[in-house]
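A.B. asks: All residue numbers for the sequence shown refer to UniProt numbering, where the first residue is 1 and numbers rise by one.
My structure is below; once you've seen it, I'll send some questions.
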Amino acid sequence: MTDPALFMTMTDIAALARVQRPVVSMWRKRTAGAAEPFPSSIATTGTRELFDAREIAEWLTATEHGNNPDAVADAAAFARPARTVLGGTDPEADETTFDAHTALLALRSTLGHSLSGLNRDDLLDAADEQDPDDDTLYREIEAIPAGDVDALTQYIDSFVEAAYSEAAAYELLVASRPRARDGALDDTTLTNDAVNLVAQIAHALAAANGVSTGAGVDTSADERFVDVTGSASDLLLRIAETASVGAEPTMLTADSTGEAARLLRRRLLVHRIPRQTLHVDSTGAFTLTAHAVHVAQLPHSAHPEMTALEMLTAIDTLALHLNDKQVAVIVAPSAVLSDAGLTPDADRLRSDVMRTGRLRAIVRLPAGLLARKPRQSLTVWVLGAAAAATPLADRWTMVADLSTAVLGPGIADDLVGDLAASLGTRAAVRAHSFRFARLVFTRTLLSSRGALVAGAQTTTPTNATAPAALAVRAEALIAALNDESGETTDAASGRLQIGIGAATPRDHTAASSVSRSTTTSTVEQLIAGKQLRYVPGNRLDPVDIVVGGPSAGGIRLIGPAEVLGKSALGTRSIDRLRFAADYAAGRVTEPGDVVFITAPRPAAIVDAEGTSVVEYPARILRIAPAASAEAAAPNDLIDAVLAADIMALPAAHQRWMRWPVRRVRPEQSDALALALAAVRSQQADARERLARLDELTELLMEGAVDGGFTITPLISEPVPPTKGTP
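This is the structure in structure tokens:
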């Protein structure tokens, strides 16, 4: 490694050595005073120390620290040239440095040879030849001082050799950029899962829309993907990387002169991805007649402070300029695309887009897909040709709510399939088995004042087993359990009086049916509809809590321990008079209240008896009576189902207002409640019997071993059961 000196931070050293950052600090501390101590820093920038990359690489190799045997060869890929190359003190924070590096990498990629030995005039001639219109790299190379050209070109060549290619070196620079600066780009950066999902959707829409070669619609060209914002480089790159074997997708990008657009063009150039320029005027208008898939993320890095109205204006402009050969996938904050609470102007504009008939799907995604805003949720819109053959009143939009899902491969694949199907005709939609979606009349969405995904599927359908198989299994279980209870037929005998019949056929029209889906709503939606009521828990003084079972004057306590099953119900209590005197605003449960917690994981139990004191952080969800005058609709909630849905949630889903709740078909509510009550009664009897058997087991062992009593067996050997659950 020759001049210029390459600097590394402690974080860079960890990346080079392929270890965690704290390991480097440990090496430095433990080798102090040793024969080969950790190299000393040679400069500082702010609070960070800088180290000579050559010394670090040689030390790692000589001492065999870390997990990279090629540390010397790879060092340049994790280092930066001294800031004095461009006249500063911090190599990672300077955008001019970053732009110069990416421009030189792009130029090297197009030339096909190293840059070392080229003087400034040679570089400018080469840049002018490759970028005569100065829309990609000429400006950035022209900004490099003449005295720094040799040092910088040598560094770029070393960097490429260490990274093995210009494209790999470029991606290392991009990956290190958020670490090196606090800028707008970071606030719009999508996580890897989000980028993968959008790329999958784009490919699926291309296939569904007849863009691909061989689709029988436009066989003159491969796939075309369009970015009218000029800044969706992560998405376009992943789309190109995940294209099918043999396909050569072409990217059409806006002819913007902004830095984000130039960076995008350099990135595509380095990766040798075919690109064409699309003229987009200042209003966002463009002209394109060919088949294409538009891809957009809002807000984007060129304008990260976009308001909801500005985002919807951009989407409206895009929708107006699409023709029937084009589709679009748009990702933006849920607060803009799917949630309630927009300003009147923004709400009107969102409604205008829906009235065009081009909005074919709305999917609310889970939070955590923005790298620097993990609590913000995103929503995907799919735009396509309006269903011209369908009357305006009968047009539909596919909606889905994945806010509580984890975007694993299976979920992503099924969601992509649902979205592709949303572009189909009425017959195609009816033929598709949706996993997450609910099809809603667009006129219903327009008249709604709530979230656009209200009532949409929020989790995986409950059971993939066919309905007939479910019925057969349920009947078999009931018969087996009843056989165990004896031959009598009265309810008091313990027999389950539950009948299983054929389900009432559902309406399977395109806009009212989702194959075997379950109607769900979020807790937030149910509270807004007066079907659920939230009651906070009581903040109790620990000295007031009595452990050891309720006393004559005590009230049963339910807290996190009881909800998690770590403490049996009734183990803890609070004196009734103490509670009345010291907790004037104290609240107790009513029969059927669902007591829940959010941490360490979502959990809930049903308080069937009521009159319990709920200890914060446990809280209460109370189902409104079926005939409640406050409820906006007949109540179709059941306490046991609500508790079961909460218990089934992953540990990470602690935003309780977004929890999904299954809603029972009204004609089945009473029957299901009675059946579950019968099952719970037998479960309680079984637990009581099991407790007695456990106690008897201990007594038998203790009595026989200690000589307290003798045992006379009444059978010669254990008899296996002849009946039981199959």
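Think of the CB as a built atom: it goes at the ideal place given N, C-alpha and C, for glycine as much as any other residue.
Source: prediction; values computed, not measured.
1) For Ile13, which residues of its own chain have a beta-carbon under 7 Å away from its beta-carbon, when the five flanking residues on both sides are left out?
2) May I ask you to verify whether the region 185-200 touches the region 362-374, counting CB pairs closer than 8 Å and requiring at least 3?
3) Near Ser116, which residues of its chain fall below 6 Å by C-beta distance, leaving aside the five closest residues on each side in sequence?
4) So, for Val380: in the same chain, excluding its five sequence neighbours on each side, which residues have a beta-carbon less than 6 Å away from its beta-carbon?
5) Pull up the DSSP beta-bridge partners for Trp27, would you.
6) Alpha carbon to alpha carbon, how far is Ala675 from Gln497? Give it in angstroms, no decimals.
7) Who are the near neighbours of His271 in its chain, counting only those whose CB is closer than 8 Å to its CB and skipping five residues on each side?
8) Could you tell me if the beta carbon of Ile330 falls within a distance shorter than 7 Å of some heavy atom in the ligand HEM?
9) By the three-class DSSP mapping on this structure, what secondary structure does Thr253 have?
10) Once you ignore the five residues that flank Ala393 on each side, which residues in its own chain have a CB closer than 7 Å to its CB?
11) Indicate whether Val563 and Ile605 have their beta-carbon atoms separated by less than 8 Å.
12) Can you give the beta carbon distance from Leu365 to Leu312, rounded, assuming they're within the 8 Å contact cut?
13) In terms of DSSP beta bridges, what is His432 paired with?
14) Alpha carbon to alpha carbon, how far is Asn119 from Thr47?
15) Buried or exposed: which applies to Asp541, given that a residue is buried once 16 or more other Cβ atoms fall within 10 Å of its Cβ?
16) Please state the DSSP three-state secondary structure of Ala511.
17) Quick check: the region 613-625 against the region 552-571, are at least 3 beta-carbon pairs closer than 8 Å?
18) Check Pro304 in the structure and name its three-state DSSP category.
19) Determine the closest residue to Ala691 out of Glu142, Val198, Ala568, with distance taken between C-alpha atoms.
20) Can you tell me whether DSSP reads Leu402 as helix, strand or coil?
21) Restricting to runs no shorter than 4 residues, where is the alpha helix (DSSP H) found entirely within the region 108-166?
22) Buried or exposed: where does Ser448 fall if 16 or more other Cβ atoms within 10 Å of its Cβ makes it buried?
23) If you drop the 5 nearest sequence neighbours on each side, which residues of the same chain put their C-beta closer than 8 Å to that of Thr278?
24) Please classify Ile362: does DSSP put it in a helix, a strand, or coil?
25) Answer yes if the region 59-69 comes into contact with the region 92-111, meaning at least three C-beta pairs across the two stretches below 8 Å, and no otherwise.
26) Could you compute how far the alpha carbon of Arg179 sits from the alpha carbon of Arg21?
27) In this structure, how does DSSP classify Ile711 when only helix, strand and coil are distinguished?
28) Which of the three DSSP states is assigned to Thr191 in this structure?
29) What are the start and end residues of the beta strand (DSSP E) that includes Trp656?
30) DSSP beta-bridge partners for Leu557?
31) Could you tell me the alpha carbon to alpha carbon distance between Gln200 and Ser377, rounded to whole angstroms?
32) Relative to the alpha-carbon of Leu342, which residue among Gly450, Ala62, Ala151 has its alpha-carbon at the smallest distance?
33) Does the count of Cβ pairs from the region 648-659 and the region 521-536 closer than 8 Å reach three?
34) If you reduce the DSSP assignment to three classes, tell me which class Ala243 lands in.
35) State the CB to CB distance for the pair Ala53 and Met8, rounded to an integer number of angstroms; the pair is presumed to be in contact (CB under 8 Å).
36) What residues in its chain sit with their C-beta under 7 Å from that of Val149, if we drop five residues either side in the sequence?
C.D. replies: So, from the data block:
1) Here residue 13 is taken as the residue at index 13 of the sequence shown, counted from 1. Cβ neighbours of Ile13 beyond the five flanking positions: Val24, Phe51, Ile56.
2) Yes: the two stretches touch, three or more of their Cβ pairs being nearer than 8 Å.
3) Position 116 of the sequence shown, counted from the first residue, corresponds to residue 116. Correct list, in chain order: Thr153, Gln154, Asp157.
4) Translated into positions along the sequence shown, residue 380 becomes position 380. Excluding sequence neighbours, Val380 sits near Val331, Val363.
5) Translated into positions along the sequence shown, residue 27 becomes position 27. In the DSSP assignment, Trp27 forms no beta bridge with any residue.
6) In the sequence shown, the residue the question calls residue 497 occupies position 497. In the sequence shown, the residue the question calls residue 675 occupies position 675. Cα-Cα distance, rounded: 8 Å.
7) As a first step, residue 271 is located in the sequence shown; it is residue number 271 there, counting from the start. Only Ala167, Tyr170, Leu237, Ala240 meet the Cβ criterion.
8) This structure does not include the ligand HEM; it has no bound ligands of any sort.
9) Here residue 253 is taken as the residue at index 253 of the sequence shown, counted from 1. If DSSP states are grouped into helix, strand and coil, Thr253 belongs with the strands.
10) In the sequence shown, counting from the first residue as 1, residue 393 sits at position 393. Leaving aside the five residues that flank Ala393 on each side, the residues in its chain whose CB is nearer than 7 Å to its CB run, in chain order, Arg443.
11) On the sequence shown, position 563 is the one that residue 563 refers to. On the sequence shown, position 605 is the one that residue 605 refers to. Contact flag set, yes.
12) On the sequence shown, position 365 is the one that residue 365 refers to. On the sequence shown, position 312 is the one that residue 312 refers to. Not a contact, Cβ separation roughly 18 Å.
13) On the sequence shown, position 432 is the one that residue 432 refers to. Partner(s): none; His432 has no beta bridge.
14) For this step, residue 119 is matched to residue 119 along the sequence shown. For this step, residue 47 is matched to residue 47 along the sequence shown. Our two residues, Asn119 and Thr47, have alpha carbons roughly 36 Å apart in a direct line.
15) Taking the sequence shown and counting its residues from 1, one reaches residue 541 at position 541. Under this definition Asp541 is an exposed residue.
16) Sequence index remark: in the sequence shown, residue 511 carries index 511 (1-based). With a pLDDT of only 46 at Ala511, under 50, the local geometry of the prediction cannot be trusted, and the value read off the model is given with reservation. Here Ala511 carries a coil assignment [DSSP, helix/strand/coil].
17) Yes: the two stretches touch, three or more of their Cβ pairs being nearer than 8 Å.
18) In the sequence shown, counting from the first residue as 1, residue 304 sits at position 304. In the three-state scheme derived from DSSP, where H, G and I count as helix and E and B as strand, Pro304 is classed as coil.
19) Here residue 691 refers to the residue found at position 691 of the sequence shown. Of the candidates Glu142, Val198, Ala568, the one whose C-alpha sits nearest the C-alpha of Ala691 is Ala568.
20) If you number the sequence shown from 1, residue 402 lands on position 402. It is coil, neither helix nor strand.
21) 120-130, 138-142, 149-163, all fully within the region 108-166.
22) Reading the sequence shown from its first residue, position 448 is the one you call residue 448. Burial call: exposed.
23) In the sequence shown, residue 278 corresponds to position 278, counting from 1. The displayed chain sequence assigns Leu, not Thr, to residue 278. Val226, Val228, Leu252, Thr253, Ala254, Asp255, Phe286, Leu288.
24) On the sequence shown, position 362 is the one that residue 362 refers to. It is a strand residue.
25) The region 92-111 is not in contact with the region 59-69.
26) By one-based count along the sequence shown, residue 179 stands at place 179. By one-based count along the sequence shown, residue 21 stands at place 21. With a pLDDT of only 47 at Arg179, under 50, the local geometry of the prediction cannot be trusted, and no value is derived from it.
27) Residue numbering aside, residue 711 sits at position 711 when the sequence shown is read from its first letter. Looking at Ile711 - three-state DSSP - the assignment turns out to be coil, as it is neither helix nor strand.
28) Counting from 1 along the sequence shown, the entry for residue 191 is found at position 191. Thr191 falls in the coil class under three-state DSSP.
29) As a first step, residue 656 must be located in the sequence shown, where it is residue number 656. Where Trp656 is concerned, there is no enclosing beta strand (DSSP E), given that its DSSP letter is neither H nor E.
30) Taking the sequence shown and counting its residues from 1, the one referred to as residue 557 is at position 557. Leu557 is bridged to Val613.
31) The sequence position of residue 200 within the sequence shown is 200, counting from 1. The sequence position of residue 377 within the sequence shown is 377, counting from 1. The alpha-carbon separation between Gln200 and Ser377 amounts to approximately 19 Å.
32) Taking the sequence shown and counting its residues from 1, the one referred to as residue 342 is at position 342. Looking at the Cα atoms, Gly450 is the closest of the given residues.
33) Touching, yes.
34) Taking the sequence shown and counting its residues from 1, one reaches residue 243 at position 243. Reduced to three states, the DSSP call for Ala243 is coil.
35) Locating residue 53 in the sequence shown gives position 53, counting from the first residue. Locating residue 8 in the sequence shown gives position 8, counting from the first residue. The Cβ separation is near 5 Å, so the contact holds.
36) Counted from its first residue, the sequence shown places residue 149 at position 149. Excluding sequence neighbours, Val149 sits near Asn119, Arg120, Leu123.
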